[in-house]
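Residue numbers (the numbering used here): 237 to 418.
Note that the Cβ used here is the ideal one computed from N, Cα and C, for glycine as well.
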């Protein structure tokens, strides 16, 4: 009898995990690239290869989390300034996006990229800003590919660029996210 209880408990546990896993596709290794370069000056660009992205396939809701200290720059000093002076990574360790992919239906995806609009809010540096971004999604043998590009202003997140480098670092920052969701 005790053995039967264990089997039932384990079965319920496994079934609940299976049910909860349905309806979501995700990646823990999405890429986010941001660039705040200004022509004629050194490139201000970083990449984070450990971004988490989750999409609810039933509702089109999307969420993403990027740890600020995981962004890598070509120049170590830029990375240090980024973490200490700009985004204050110890105080604000992550960027979070929550939103919705408008008109998303996972069953409508094919190998041909399809255009979508993502609406949501990006929380960074203690501020939350509305974002509207175009995105392309398609099915591949490795999963569902997602790519989106959008712009943000550093000043919208109360990230100030010191006067000494104001002409070398753009306030308008290009953001690109690429993910293979499974």
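- Residue 335 counts as buried, since at least 16 other C-beta atoms from the protein chains shown sit within 10 angstroms of its C-beta.
- As a beta-bridge residue in DSSP terms, residue 367 pairs with 356.
- For the pair residue 319 and residue 310, the CB atoms are not nearer than the 7 Å cut-off.
- Segment contact: the region 403-411 against the region 271-290, three or more CB-CB distances shorter than 8 Å; contact assigned.
- The straight-line gap separating the alpha-carbon atoms of residue 380 and residue 418 is approximately 7 Å.
- The C-beta separation of residue 266 from residue 289 comes to about 5 Å, placing the pair in contact by the 8 Å criterion.
- DSSP lists no beta-bridge partner residue for residue 393.
- DSSP assignment within the region 295-340 yields the following whole beta strand (DSSP E) runs of 3 residues or more, N-terminal first: 297-303, 330-337.
- Here residue 284 really is in contact with residue 302; their C-beta atoms are around 5 Å apart, less than 8 Å.
- Assignment of residue 344 by DSSP, reduced to helix, strand and coil, places it in the helix class.
- Shown here, residue 399 sits in a helix according to DSSP, grouped into three states.
- Beyond the five residues adjoining it in sequence on each side, residue 325 comes within less than 7 Å, by CB distance, of 304, 305, 319 in the same chain, given in chain order.
- If you ignore the 5 residues before and after residue 365, its C-beta comes within less than 6 Å of the C-beta of 358, 392, all in its own chain and listed in chain order.
- The beta-bridge partner set that DSSP reports for residue 379 consists of 376.
- Burial check for residue 360: the Cβ neighbour count within 10 Å reaches 16 or more, so the residue is buried.
- In this model, residue 352 and residue 383 are separated by some 10 Å (Cα to Cα).
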